[in-house]
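K.L.:
So for the sequence shown, this note's numbering puts the first residue at 100; every next one is plus one.
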Amino acid sequence: MLENLTAQPADKILALMAAYKADPRNEKVDLGVGVYKDASGNTPVMRAVKEAERRILADQSSKAYTGLAGDPAFGKAMRDLVLGDAVPSERIAAVATPGGTGAIRQSLELIRLAAPNATVWLSNPTWPNHPSILKYLGMKMAKYTYFDNATREVDFDGMLTDLRKVAEGDVVLLHGCCHNPTGANLTYDQMSQVIGILQEKRAVPLIDIAYQGFGDGLNDDAQITRLIARSFENCLIAASCSKNFGIYRERTGILMAVAKDADQQALTQQTLAFLNRQNYSFPPDHGARVVSTILTDPALRADWEAELEETRNGMLALRQQLADELKRLTNSDRFDFIAHHRGMFSRIGATPQQVEEMRDKHGIYMVGDSRINVAGLNAETVPVLARAIVAAGV
Ligand code: LMR
Numbered sequence: 100m101l102e103n104l105t106a107q108p109a110d111k112i113l114a115l116m117a118a119y120k121a122d123p124r125n126e127k128v129d130l131g132v133g134v135y136k137d138a139s140g141n142t143p144v145m146r147a148v149k150e151a152e153r154r155i156l157a158d159q160s161s162k163a164y165t166g167l168a169g170d171p172a173f174g175k176a177m178r179d180l181v182l183g184d185a186v187p188s189e190r191i192a193a194v195a196t197p198g199g200t201g202a203i204r205q206s207l208e209l210i211r212l213a214a215p216n217a218t219v220w221l222s223n224p225t226w227p228n229h230p231s232i233l234k235y236l237g238m239k240m241a242k243y244t245y246f247d248n249a250t251r252e253v254d255f256d257g258m259l260t261d262l263r264k265v266a267e268g269d270v271v272l273l274h275g276c277c278h279n280p281t282g283a284n285l286t287y288d289q290m291s292q293v294i295g296i297l298q299e300k301r302a303v304p305l306i307d308i309a310y311q312g313f314g315d316g317l318n319d320d321a322q323i324t325r326l327i328a329r330s331f332e333n334c335l336i337a338a339s340c341s342k343n344f345g346i347y348r349e350r351t352g353i354l355m356a357v358a359k360d361a362d363q364q365a366l367t368q369q370t371l372a373f374l375n376r377q378n379y380s381f382p383p384d385h386g387a388r389v390v391s392t393i394l395t396d397p398a399l400r401a402d403w404e405a406e407l408e409e410t411r412n413g414m415l416a417l418r419q420q421l422a423d424e425l426k427r428l429t430n431s432d433r434f435d436f437i438a439h440h441r442g443m444f445s446r447i448g449a450t451p452q453q454v455e456e457m458r459d460k461h462g463i464y465m466v467g468d469s470r471i472n473v474a475g476l477n478a479e480t481v482p483v484l485a486r487a488i489v490a491a492g493v
């Protein structure tokens, strides 16, 4: 049987992780996979997470199953964190999932059940795993213009032109904040225009929100998601806790589906629980329990928010330093976009050859499309990257 297998395409982000590990150079710089690193290159366990884990270890008296949707306390805490009071809770169906990827996967499975002929529209570019999962599931997909390689900002006119081609019932995947891989984001007003078109087309938004708190702050980063949730009868929201709680390996995420009324919510909830049962039965609990412990305890929550703010401000400072350094070296404002972008990533606009040159000559690892993970930098490596960018002729 196994002789029939053919090699599957490598995930380019994970392949880059392996290449970085195998590079023997001491001065190498990892700007690949989206994992936050502090100034000394560590990915710390957040203080509030440590404390929540200590409490769970001391107090937990059972490891029996929770429910197919996960612990209800996690569901409620995440609904509040992401959606606030944008939509009445009676309209929201939700299941805990293994990470944000699990939430994306389950959202696509739900779409496949409810609208097997729908095309799922993805921003061009998007996180490479979006098209990969869609292809694996045999679903129809299309791309809408998103990024202007010349300005390194959103090509808004191009985006609107393409979204006008969306058919009734199609699904449009939007990044809630901190667009991955580009770092370029829509303003609230621009998103209102997008919403107008999608309403006219009777399309269904699917929001991937994996970096809430990494852009303009916890609340600000949720505004676009809340606006969309308020504006449609149905929408799907895949949220990840990997980054903002720093619990990558615990696989903690949630899929929320906004239904038009309580009856539709009940049917959707039952379907989501069914999908969890088919794919992995009960979702992982530890990370979810850490998250709900933090979000429901005012002191722990305040400490988590403070540490998240330090993280966010650290990334903003690195962005500014890199933009300033490039301004000094090039005597131009060509790279100012790096300071405007938000989140962990920026696509800097280098060609694949230039990306390769920076890796070979300077040991700088970025994704082949020239996405850098800003959190992989520190005050010492920013000038190294800036010089490499200039030397490669970006
Ligand atoms: C990334 O884009 O680097 C992260 O979302 C990690 C991943 O799983 O690809």
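Every residue gets a Cβ at the ideal spot worked out from N, C-alpha and C, and that includes glycine.
Kindly examine the ligand LMR and report whether one of its heavy atoms sits closer than 8 Å to the Cβ of Leu113.
P.N.:
yes
K.L.:
I need the straight-line Cα distance from Val489 to Phe381, nearest angstrom please.
P.N.:
50 Å
K.L.:
Relative to the C-alpha of Gln368, which residue among Gly442, Val194 and Val134 is closest?
P.N.:
Val194
K.L.:
Taking the alpha-carbon positions, what's the Gly475 to Asp129 distance?
P.N.:
6 Å
K.L.:
What does DSSP give as the partner residues of Asn472 in its beta bridges?
P.N.:
Phe444
K.L.:
Leaving aside the five residues before and after Gly133 along the sequence, list all residues of the same chain whose C-beta is less than 6 Å from its C-beta, in chain order.
P.N.:
Met443 and Asn472
K.L.:
Less than 9 Å between the C-beta atoms of Ala478 and Ala138, yes or no?
P.N.:
The Cβ-Cβ distance between Ala478 and Ala138 falls below 9 Å.
K.L.:
Alpha carbon to alpha carbon, how far is Cys277 from Val148?
P.N.:
23 Å
K.L.:
Tell me which residues share the same chain as Leu354 and place their Cβ nearer than 6 Å to its Cβ, disregarding the 5 neighbours each side in the sequence.
P.N.:
Val194, Thr196, Ala202, Gln205, Ser206 and Ala337
K.L.:
Less than 9 Å between the C-beta atoms of Leu182 and Thr351, yes or no?
P.N.:
no
K.L.:
In angstroms, rounded to a whole number, what distance separates the CA positions of Gln453 and Asp319?
P.N.:
35 Å
K.L.:
So what's Thr244 in DSSP terms, helix, strand or just coil?
P.N.:
Thr244 falls in the strand class under three-state DSSP.
K.L.:
What residue ranges within the segment 139-170 form continuous alpha helix (DSSP H) runs of no fewer than 4 residues, ordered along the chain?
P.N.:
DSSP runs (the alpha helix (DSSP H)) wholly in the segment 139-170: 146-158.
K.L.:
Can you round the beta-carbon distance between Arg446 and Pro230 to whole angstroms, since I take them to be within the 8 Å contact cut?
P.N.:
Between Arg446 and Pro230 the beta-carbon gap is near 17 Å, outside 8 Å, which marks them as no contact.
K.L.:
Whether or not the segment 262-278 and the segment 299-318 are in contact is what I'm after, with contact meaning three or more pairs of Cβ atoms, one per stretch, closer than 8 Å; do they touch?
P.N.:
yes
K.L.:
Would you call the CB atoms of Leu407 and Asn333 closer than 9 Å?
P.N.:
Cβ atoms of Leu407 and Asn333: not closer than 9 Å.
K.L.:
Between which residues of its own chain and Asp468 is the CB-CB distance below 7 Å, once the five residues before and five after are set aside?
P.N.:
Pro224, Pro280 and Arg446
K.L.:
Near Ser291, what residues of its chain come up, given a Cβ to Cβ distance below 8 Å and the 5 sequence neighbours on each side ignored?
P.N.:
Leu326
K.L.:
Give me, in chain order, the residues of the same chain whose beta-carbon lies closer than 6 Å to that of Ala438; leave out the 5 immediate sequence neighbours on both sides.
P.N.:
Excluding positions up to five away in sequence, the list reads Arg418, Gln419 and Ala422.
K.L.:
Is Asn375 buried or exposed, if buried means 16 or more other CB atoms sit within 10 Å of its CB?
P.N.:
buried
K.L.:
Just to confirm before moving on: does the CB-CB distance between Lys111 and Val466 stay below 9 Å?
P.N.:
yes
K.L.:
Taking just the CA atoms, how far does Arg458 sit from Asn378?
P.N.:
Cα to Cα, the separation comes out at about 39 Å.
K.L.:
Would Gly173 and Ala387 qualify as a contact pair, given that the criterion is a beta-carbon distance under 9 Å?
P.N.:
One point to set straight first is that residue 173 is Phe, not Gly, in the sequence displayed. Contact: yes.
K.L.:
To the nearest angstrom, how far is the alpha carbon of Glu349 from that of Asn430?
P.N.:
45 Å
K.L.:
Cβ-heavy atom distance between Ala309 and the ligand LMR below 8 Å?
P.N.:
Result yes, Cβ under 8 Å from the ligand LMR.
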